[in-house]
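Chains as they are written, first to last, in full-length UniProt numbering: chain A, 1 to 201; chain B, 1 to 119.
Yeah, the Cβ is synthetic: ideal placement off N, Cα and C, and Gly gets one too.
Predicted model only: the values in this text are computed from it and were never measured.
Heads up: the structure comes next, in structure tokens.
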């Protein structure tokens, strides 16, 4: 419902151009934390409905195995200058939600894949899918949890079987500067790819 | 932290609010499209409660996703409502990057510059 602080919820009228970055990762990996660290507004939650083929469980005889899933997405905002605003959308990485975030990734600056070294395997499917797509710039950001063991970049690259050109950064999603640095690394990568493509075409 | 309600399944579809439609009249509206109400064009009496709420929400500049979150409506529903209101001239849309293309290098540099300045 309409909250009390509606004065600062709006954008300056001069803003003309929205851009977006997607933060994809497994449940509990810190997507919302990262969004909250850098967002100028308190992260907002929106819901998206998607219809999908059922997974074969609880099917009723004779009914097509279709159901509607409501997915929550937390997002935030950074006004970059008087004409440009950046939105950050956190989306779940599981295979069943690919349609959702692939739609979101269209026209996006890029995708930040947030991973937890204690559950690296949760990110394999997402990384495979992004490598297959090929057209969306992405980097891997390892969220450093207080109790996680430290691994070298090489160990992490090997464990995730990353392509040599995929950048990997480490950050504490709770720390604003570190979270900003992860976003900067992604945009830097996207800019380089975009320049290279322009030269190639 | 994420809360355990990251997703839920339901057999119901909230299309009642959109006159039974599941797709918007235009596919240029995205989650990050900025919306602004046209102050010179009041809604007809036949407008729905949700259309009114959306237009009131957009008296100043806001993205589609933000409008949806504040109104507590799914993005897909707000996309359909906003699409109708853009068609009828009640709502102005400032769009992001078209789906089929990606941001060009100069725009990306502007994003990069903006982030570095705010770091």
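Query - Entirely enclosed alpha helix (DSSP H) segments - the region 56-118 of chain B, minimum 4 residues - result: 64-71, 75-87 and 105-118
Query raised in the report: residue 107 (chain B) and residue 80 (chain A): beta carbons closer than 8 Å?
Result: The residue you call residue 107 (chain B) lines up with position 107 of the second chain. The residue you call residue 80 (chain A) lines up with position 80 of the first chain. For residue 107 (chain B) and residue 80 (chain A), no; Cβs fall outside 8 Å.
Query raised in the report: If you draw a straight line from the C-alpha of residue 183 (chain A) to the C-alpha of residue 44 (chain B), how long is it?
Result: Locating residue 183 (chain A) in the first chain gives position 183, where the first residue counts as 1. Locating residue 44 (chain B) in the second chain gives position 44, where the first residue counts as 1. Taking the straight line from one Cα to the other gives about 44 Å.
**Report entry** Same chain, Cβ closer than 7 Å to residue 34 (chain A), five either side skipped, listed in chain order
**Finding:** For the purposes of this step, residue 34 (chain A) is taken as residue 34 along the first chain, with counting starting at 1. Taken in chain order, the residues that qualify are 23, 114, 173 and 179.
**Report entry** Cβ of residue 15 (chain A) within 8 Å of any chain B Cβ
**Finding:** Residue 15 (chain A) sits at position 15 when you count from the first residue of the first chain. Yes, residue 15 (chain A) counts as interfacial toward chain B.
**Report entry** Proximity below 8 Å, CB of residue 148 (chain A) to CB of residue 119 (chain A)
**Finding:** If you number the first chain from 1, residue 148 (chain A) lands on position 148. If you number the first chain from 1, residue 119 (chain A) lands on position 119. Taking 8 Å as the Cβ cut-off, residue 148 (chain A) and residue 119 (chain A) do not qualify as a contacting pair.
Report task. Counting only the same chain and skipping the five closest in sequence on each side, list residues whose C-beta sits under 7 Å from that of residue 21 (chain A). Result -> Taking the first chain and counting its residues from 1, the one referred to as residue 21 (chain A) is at position 21. So the list reads 86, 88, 108, 109, 110, 112, 183 and 186, once near-sequence residues are dropped.
Query raised in the report: Name the chain A residues whose beta carbon is nearer than 8 Å to that of residue 61 (chain B)?
Result: In the second chain, the residue the question calls residue 61 (chain B) occupies position 61. Result: 10, 11, 12, 13 and 15.
Query raised in the report: Does residue 93 (chain B) come within less than 8 Å of chain A when only Cβ atoms are used?
Result: Translated into positions along the second chain, residue 93 (chain B) becomes position 93. Not closer than 8 Å to any Cβ of chain A, the Cβ of residue 93 (chain B) fails to qualify, so no.
Requested in this report: Please go through the same chain and pick out, in chain order, the residues whose beta-carbon is closer than 7 Å to the beta-carbon of residue 100 (chain A), but skip the five residues on each side of it.
Outcome: As a first step, residue 100 (chain A) must be located in the first chain, where it is residue number 100. Closer than 7 Å at the Cβ level, and outside the excluded window around residue 100 (chain A), lie 48, 50, 71 and 91.
Query raised in the report: Given 8 Å as the limit, is there contact between the region 146-162 of chain A and the region 56-69 of chain B, that is, 3 or more CB pairs closer than that?
Result: no
Query raised in the report: Measuring CA to CA, which of B:18, B:26 and B:94 is closest to residue 61 (chain B)?
Result: By 1-based counting over the second chain, the position of residue 61 (chain B) is 61. Comparing Cα positions, the closest option is B:94.
Query raised in the report: Do we get a CB-CB distance below 8 Å when we pair residue 72 (chain A) with the residues of chain B?
Result: As a working mapping, residue 72 (chain A) is identified with position 72 in the first chain. At least one chain B Cβ lies under 8 Å of residue 72 (chain A).
Query raised in the report: Relative to the alpha-carbon of residue 38 (chain B), which residue among B:52, B:101 and B:28 has its alpha-carbon at the smallest distance?
Result: By 1-based counting over the second chain, the position of residue 38 (chain B) is 38. Residue B:52 is the option with its Cα nearest to residue 38 (chain B).
Requested in this report: Just the chain A side, please: which residues come within less than 8 Å of residue 119 (chain B) by C-beta, in chain order?
Outcome: Sequence index remark: in the second chain, residue 119 (chain B) carries index 119 (1-based). The contacting residues are 177, 180, 181 and 184.
Query - Min CB distance residue 107 (chain A) to chain B below 8 Å - result: Here residue 107 (chain A) is taken as the residue at index 107 of the first chain, counted from 1. Yes, its Cβ sits closer than 8 Å to a Cβ of chain B.
Query raised in the report: So, using beta-carbon positions, are residue 105 (chain B) and residue 194 (chain A) closer together than 8 Å?
Result: Residue 105 (chain B) sits at position 105 when you count from the first residue of the second chain. Residue 194 (chain A) sits at position 194 when you count from the first residue of the first chain. Yes, Cβ-Cβ distance for residue 105 (chain B) and residue 194 (chain A) is below 8 Å.
Requested in this report: With DSSP as the reference, please indicate the residues paired to residue 89 (chain A) in a beta bridge.
Outcome: Against the first chain, residue 89 (chain A) aligns to sequence position 89. DSSP output for residue 89 (chain A) lists A:22 and A:75 as bridge partner(s).
Query raised in the report: Which of the three DSSP states, helix, strand or coil, is assigned to residue 99 (chain A)?
Result: Walking along the first chain from the start, residue 99 (chain A) turns up at place 99. It is helical.
**Report entry** Member of A:75, A:68, A:12 and A:129 whose CA lies at the smallest distance from the CA of residue 93 (chain A)
**Finding:** The sequence position of residue 93 (chain A) within the first chain is 93, counting from 1. For the residues A:75, A:68, A:12 and A:129, the minimum Cα distance to residue 93 (chain A) belongs to A:129.
**Report entry** Simplified DSSP assignment, three categories, for residue 105 (chain A)
**Finding:** Within the first chain, residue 105 (chain A) is the residue found at index 105, counting from 1. Helix, per DSSP.
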